[in-house]
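Peer 1: FYI, the numbering used here numbers position 116 of the sequence shown as 1238, with every residue one higher than the one before it. C-beta atoms are modelled at their ideal positions from N, C-alpha and C, and glycine is treated no differently. No experiment lies behind these values; they were computed from the predicted model shown.
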Amino acid sequence: MVMKREPLQGAKSDGQIGKFELANGGTLFLDEIGDMPLSIQASLLRVIEDRKILRIGGTKEINVDVRIITATNKNLYKAVENGNFRADLFYRINVFTINIPPLKERKEDIETLTYYFIKKYNNQFFSNARGITREALEILKNHNWPGNIRELENTIERTVQITKNQIIDVKDLPVYLQQIPRDNESKLCKEIGLMESKEYNTIVETLKNTRGNVKSAAKILGLSRATLYRKISKFGIDLEEYRT
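This is the structure we're talking about:
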């Protein structure tokens, strides 16, 4: 008896289209490349070198022509020295570098970014926030933003959804921002500012116990690696501090 082999339900006989193929002839932006696992770094290097990809589940190589833009808040020179980032990949992507200072060094941008995010999340959540009080804005300007622009964006995303008025006020800000002294924040205050939830403490403790191994930490926390990376980025956690 001859059995006919059928493809798995939902699978495509020629493989699944990926991001490189979708970006073929255009530009692909890879964010937080400094947190990319070494195994994926190797795959990325092969694509850059060979300019070919193989679809997941596919058998035929496809030529691709993609401009790659990467971003990271990590020191890749240090990551290479520590063995956390491939030197060959680093020198392939480090063709043209633009250094963007952290938000704490360009606080003049905070007001512009705040209104941009208010508009963005008004449209996304059909909210009606029109602006922010001067007092609340001053709190944002005085904060040191260890989580950089993502922390500011997450803050505005939250306030737009919970404010009961058209103007965001101090009471709409996260509690840790309301409690931070307006002048001369100490390093301790900045660290306390990050600890607005038990989630932060749990993630940090797990990373300490796993020596910064994201795969092991994600398994312990019951999260996917992608989800854990998003949370690490959200809280501004530096993995290098735990990799010893």
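For Gly1156, which of helix, strand or coil comes out of DSSP?
Peer 2: helix
Peer 1: One question on the structure: do Tyr1351 and Glu1154 come within less than 8 angstroms of each other, judged by their Cβ atoms?
Peer 2: Yes. Within cutoff.
Peer 1: With DSSP as the reference, label Leu1350 as helix, strand or coil.
Peer 2: For Leu1350, the secondary structure class from DSSP, reduced to helix, strand or coil, is helix.
Peer 1: Do you know whose CA, among Gly1344, Pro1224 and Val1292, lies nearest Glu1257's CA?
Peer 2: Val1292
Peer 1: State the DSSP-derived secondary structure class of Asn1195, mapped to helix, strand or coil.
Peer 2: coil
Peer 1: Does the region 1276-1284 touch the region 1324-1342, meaning 3 or more C-beta pairs lie closer than 8 angstroms?
Peer 2: no
Peer 1: Excluding five sequence neighbours on each side, which residues of the same chain lie with their C-beta closer than 6 angstroms to the C-beta of Phe1212?
Peer 2: Leu1198 and Val1202
Peer 1: Residues bridged to Asn1185 by DSSP?
Peer 2: Lys1174
Peer 1: The alpha helix (DSSP H) with Tyr1243 in it runs from where to where?
Peer 2: Ile1232 to Phe1247
Peer 1: So Ala1145 is in the alpha helix (DSSP H); what residue range does that whole segment cover?
Peer 2: Here Ala1145 belongs to no alpha helix (DSSP H), and DSSP marks it neither H nor E.
Peer 1: Report the residue from Thr1234, Thr1219 and Asn1204 whose alpha carbon sits nearest the alpha carbon of Leu1190.
Peer 2: Position check: residue 1190 holds Ile in this sequence, whereas Leu was assumed. Nearest C-alpha to Ile1190: Thr1219.
Peer 1: From the DSSP output, in three-state form, read off Leu1274 for me.
Peer 2: helix
Peer 1: Give a yes or no on contact between the region 1222-1231 and the region 1241-1259, applying the rule of three or more CB pairs nearer than 8 angstroms.
Peer 2: no
Peer 1: Would you call the region 1327-1341 and the region 1170-1187 touching, i.e. three or more CB-CB distances under 8 angstroms?
Peer 2: no
Peer 1: Can you grab the Cα-Cα spacing for the pair Val1217 / Ile1175, in whole Å?
Peer 2: 22 angstroms
Peer 1: Going by beta-carbon coordinates alone, are Asp1405 and Gly1147 separated by less than 8 angstroms?
Peer 2: Coverage of the chain is limited to positions 1123 through 1366, which leaves residue 1405 absent and any answer about it impossible.
Peer 1: Nearest to Arg1208 by CA position, among Glu1227, Arg1177 and Ser1165, is which residue?
Peer 2: Ser1165
Peer 1: Can you tell me which of the three DSSP states Phe1151 falls into?
Peer 2: In the three-state scheme derived from DSSP, where H, G and I count as helix and E and B as strand, Phe1151 is classed as strand.
Peer 1: Give the single residue among Lys1330, Glu1143 and Ile1254 whose Cα lies nearest to the Cα of Arg1177.
Peer 2: Glu1143
Peer 1: Let me know the secondary structure DSSP gives Gln1163 once reduced to three states.
Peer 2: helix
Peer 1: In its own chain, which residues sit with a C-beta less than 8 angstroms from the C-beta of Ala1340, not counting the 5 before and 5 after it?
Peer 2: Ser1346, Arg1347, Thr1349 and Leu1350
Peer 1: Within 10 angstroms of its Cβ, does Ala1193 collect 16 or more other Cβ (buried), or is it exposed?
Peer 2: exposed
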